Amino acid sequence: MLIPPPLSLYVHLPWCVRKCPYCDFNSHEAKGALPFDGYVDALIRDLDQDLPLVWGRTIHSVFFGGGTPSLFPADRIDRFLQAASSRLRFAPNLEITLETNPGTAEHGRFDQYRAAGVNRISFGIQSFDDECLKRLGRIHDSDQAERAVKLAQDAGFDNFNLDLMYALPGQDLAMAERDLQRAFALEPTHVSHYQLTLEPNTMFFARPPQGLPDEDLAWDMQEHCQALLAAAGYAQYEVSAYARPGRECAHNLNYWRFGDYLGIGAGAHGKITLGAGQDILRRWKTRHPAAYLAEAGTAASLGGDERIAPQRRPFEFMLNALRLNQGFALGDFEAWTGLPRQAIAAPLAEARARGWLSQTADRVAPTEQGRRFTNDVVSLFLEQR
Ligand SMILES: C[S@@+](CC[C@H](N)C(=O)[O-])C[C@H]1O[C@@H](n2cnc3c(N)ncnc32)[C@H](O)[C@@H]1O
Ligand code: SF4
Numbered sequence: 013m014l015i016p017p018p019l020s021l022y023v024h025l026p027w028c029v030r031k032c033p034y035c036d037f038n039s040h041e042a043k044g045a046l047p048f049d050g051y052v053d054a055l056i057r058d059l060d061q062d063l064p065l066v067w068g069r070t071i072h073s074v075f076f077g078g079g080t081p082s083l084f085p086a087d088r089i090d091r092f093l094q095a096a097s098s099r100l101r102f103a104p105n106l107e108i109t110l111e112t113n114p115g116t117a118e119h120g121r122f123d124q125y126r127a128a129g130v131n132r133i134s135f136g137i138q139s140f141d142d143e144c145l146k147r148l149g150r151i152h153d154s155d156q157a158e159r160a161v162k163l164a165q166d167a168g169f170d171n172f173n174l175d176l177m178y179a180l181p182g183q184d185l186a187m188a189e190r191d192l193q194r195a196f197a198l199e200p201t202h203v204s205h206y207q208l209t210l211e212p213n214t215m216f217f218a219r220p221p222q223g224l225p226d227e228d229l230a231w232d233m234q235e236h237c238q239a240l241l242a243a244a245g246y247a248q249y250e251v252s253a254y255a256r257p258g259r260e261c262a263h264n265l266n267y268w269r270f271g272d273y274l275g276i277g278a279g280a281h282g283k284i285t286l287g288a289g290q291d292i293l294r295r296w297k298t299r300h301p302a303a304y305l306a307e308a309g310t311a312a313s314l315g316g317d318e319r320i321a322p323q324r325r326p327f328e329f330m331l332n333a334l335r336l337n338q339g340f341a342l343g344d345f346e347a348w349t350g351l352p353r354q355a356i357a358a359p360l361a362e363a364r365a366r367g368w369l370s371q372t373a374d375r376v377a378p379t380e381q382g383r384r385f386t387n388d389v390v391s392l393f394l395e396q397r
């Protein structure tokens with residue numbers, strides 16, 4: 013019998029002022045006035061279509077991601093949250109995050125986002141070096157980034173994340189360190205520290221920028237920055253995520269723990285354990301904003317509906333859970349995949365023998381070696397084994 017795990021709500025807002033050359037997210041340059049009201053209407057139709065999948069369940073976190081959600085005026089975020097909370101039970105004090113590009117943060121808006129119920133902001137900072145920001149095609153400079161964070165703090169946001177990237181074109185170790193020092197000065201509760209990757213279908217992939225650090229330098233940056241983050245009181249809990257005690261991102265933790273989530277909006281993905289049965293459903297929505305606006309709430313808006321077959325569940329579970337330093341409880345594996353722990357006994361034993369996983373009583377966690385070779389560890393759990 014499957015016990016449904018906690019349920020989150022992801023809302024995708026797909027527009028940006030300008031497309032960044034490294035970005036492969038479903039984000040589209042805003043040309044002219046955006047159809048804010050039409051899009052909120054489409055989100056609500058989309059949610060109504062998904063509701064039968066989650067009757068009676070409670071939402072434990074909400075995340076507005078993008079794209080650039082901060083392009084949306086607060087009254088539209090408010091309208092969506094009111095519609096959602098009238099249809100679904102919201103847990104008391106649930107985390108509600110809004111991704112923000114510092115180049116779109118206008119005075120006054122943060123108060124209004126707070127009044128709408130948003131209680132966590134995630135800023136796309138990337139770097140505090142103006143040259144690096146230019147090379148990344150960002151629409152803001154470092155002063156604007158600092159001002160945006162201070163505006164949010166003045167509006168009462170005490171829980172916020174800064175996204176930083178490292179291994180940037182032209183960046184050396186000292187520059188990566190300076191980025192962190194400027195981040196620490198703003199006292200975020202959370203830092204996401206990503207290595208820049210060249211993703212297919214991006215401008216950087218087609219024409220890589222000059223001066224990218226080589227693998228050794230990128231590795232040095234990662235190790236050095238990990239140590240600086242730890243010394244500043246940010247504990248690493250996932251590959252790229254660091255938090256002050258108790259300030260881990262509840263929404264992302266639910267993904268990594270193989271929790272359930274509704275995915276609403278253009279190109280959004282959801283994963284839902286179906287109550288009475290033995291099924292886990294993945295559902296995703298049509299990607300392009302214009303098609304989504306027209307089709308949301310109808311069968312045509314479903315880009316796909318797929319069951320996760322039992323043989324595939326160990327792999328999908330590990331893909332997420334082994335990103336976490338803490339790993340997972342075997343009891344959660346059983347409850348949320350519907351499989352007995354014996355189903356993974358052989359690959360678990362092999363991963364332990366190779367020194368990639370450690371096991372204590374009911375918990376399994378990646379070792380330092382395991383964290384270096386996550387792909388190899390996870391592939392042990394592929395169905396053909
Ligand atoms: C969907 S973006 C949200 C933030 C917002 N759109 C912005 O850019 O200001 C999430 C984060 O992913 C990271 N990211 C995006 N593309 C990346 C890449 N190619 N390599 C590494 N990190 C990337 C960036 O740090 C970015 O802030
Ligand atoms: S602002 Fe964020 S989502 Fe938009 S293109 Fe840049 S990185 Fe991608």
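Residue numbers are given in the numbering used here: position 327 of the sequence shown equals residue 339, and the series is strictly consecutive.
Built from N, CA and C at the ideal position, the CB exists for glycine as well.
Just so you know, these numbers come straight off a predicted model, no measurement behind them.
For the beta strand (DSSP E) holding residue i, just list the boundary residues, first then last.
| i | result |
| --- | --- |
| F420 | No statement about residue 420 is possible, as the shown extent of the chain runs from 13 to 397 and does not include it. |
| G275 | D272 to G277 |
| V74 | T70 to G78 |
| I398 | Any property of residue 398 remains undetermined from this structure, which presents the chain solely from 13 to 397. |
| L176 | F172 to Y178 |
| L21 | L19 to L25 |
| F48 | From DSSP, F48 is part of no beta strand (DSSP E) but of the alpha helix (DSSP H) over F48 to D62. |
| V376 | R375 to P378 |
| F135 | R132 to Q138 |
| Y254 | A253 to A255 |
How far does the alpha helix (DSSP H) with residue i in it reach, from first residue to last?
| i | result |
| --- | --- |
| Y246 | No alpha helix (DSSP H) holds Y246; DSSP gives it neither H nor E. |
| W268 | A262 to W268 |
| Y304 | P301 to E307 |
| A167 | Neither: A167 is in no alpha helix (DSSP H) and is coded neither H nor E. |
| K283 | K283 -> not in any alpha helix (DSSP H); beta strand (DSSP E) instead, spanning H281 to T285. |
| R147 | D142 to R147 |
Report yes if the C-beta of residue i is less than 7 Å from at least one heavy atom of ligand 1; otherwise report no.
| i | result |
| --- | --- |
| E211 | yes |
| T109 | no |
| L192 | no |
| T386 | no |
| M233 | no |
| L83 | no |
| C237 | no |
| L314 | no |
| N105 | no |
| N113 | yes |
| Y206 | yes |
| Q261 | According to the sequence provided, residue 261 is Cys. The question's Gln does not apply to it. No - ligand 1 has no heavy atom lying nearer than 7 Å to the Cβ of C261. |
| M177 | yes |
Tell me whether residue i counts as near ligand 2, meaning its Cβ is closer than 7 Å to at least one heavy atom of that ligand.
| i | result |
| --- | --- |
| T214 | no |
| C32 | yes |
| S39 | yes |
| T349 | no |
| Q78 | According to the sequence shown, residue 78 is Gly rather than Gln. Yes, Cβ of G78 sits closer than 7 Å to a heavy atom of ligand 2. |
| C144 | no |
| G279 | no |
| N173 | no |
| G136 | yes |
Does residue i pass the burial test, meaning 16 or more other C-beta atoms within 10 Å, or should it be called exposed?
| i | result |
| --- | --- |
| R132 | buried |
| S98 | exposed |
| N266 | buried |
| W368 | buried |
| P257 | exposed |
| I284 | buried |
| R397 | The predicted position of R397 is uncertain, since its pLDDT is 45 and thus under 50; no value can be drawn from it. |
| D87 | exposed |
| T201 | buried |
| N213 | exposed |
| G277 | buried |
| Q381 | exposed |
Please tell me whether, using a cut-off of 7 Å, the distance from the CB of residue i to the nearest non-hydrogen atom of ligand 4 is below it.
| i | result |
| --- | --- |
| G287 | Questions concerning ligand 4 fall outside what the structure shown contains, since the ligands it does hold are ligand 1 and ligand 2. |
Exercise for the section: Could you name each continuous alpha helix (DSSP H) segment of 4 residues or more that falls completely within the region 309 to 337, going from the start of the chain to the end? Expected result: 325 to 333
Problem - Segment contact flag, the region 103 to 121 with the region 295 to 309, C-beta cutoff 8 Å, min 3 pairs - result: no
Problem - beta strand (DSSP E) runs wholly inside the region 95 to 123, at least 3 long, in chain order - result: Fully enclosed beta strand (DSSP E) runs of 3 or longer: 101 to 112.
Exercise for the section: Starting from the N-terminal side, write out each stretch of the alpha helix (DSSP H) that is 4 residues or longer and does not extend beyond the region 340 to 371. Expected result: 342 to 349 and 357 to 365
Practice task
Could you say if the region 28 to 44 and the region 207 to 224 meet the contact criterion of at least three C-beta pairs nearer than 8 Å?
Solution key: Yes, since at least three Cβ pairs between the region 28 to 44 and the region 207 to 224 fall closer than 8 Å, the two stretches touch.
Practice task
Assess, as a yes-or-no matter, whether the region 70 to 82 is touched by the region 110 to 121 under the definition of 3 or more beta carbon pairs within less than 8 Å.
Solution key: yes
Practice task
Please go through the region 189 to 238 and give each complete beta strand (DSSP E) segment of 3 or more residues, from N-terminal end onward.
Solution key: 202 to 207
Practice task
Tell me, please, whether the region 244 to 261 touches the region 58 to 71 by the rule of three or more beta-carbon pairs shorter than 8 Å.
Solution key: no
Exercise for the section: Count the CB pairs spanning the region 221 to 234 and the region 36 to 49 that are closer than 8 Å, and state whether there are at least three. Expected result: no
Problem - At least three beta-carbon pairs within less than 8 Å, the region 247 to 255 to the region 308 to 318 - result: Taking 8 Å as the limit for Cβ pairs, the verdict is that the region 308 to 318 does not touch the region 247 to 255.
Practice task
Would you check if the region 190 to 206 and the region 19 to 28 touch, i.e. whether three or more CB-CB distances between them fall below 8 Å?
Solution key: no
Exercise for the section: Check whether the region 163 to 180 touches the region 116 to 126, counting contact only when three or more Cβ pairs, one atom from each stretch, lie closer than 8 Å. Expected result: yes
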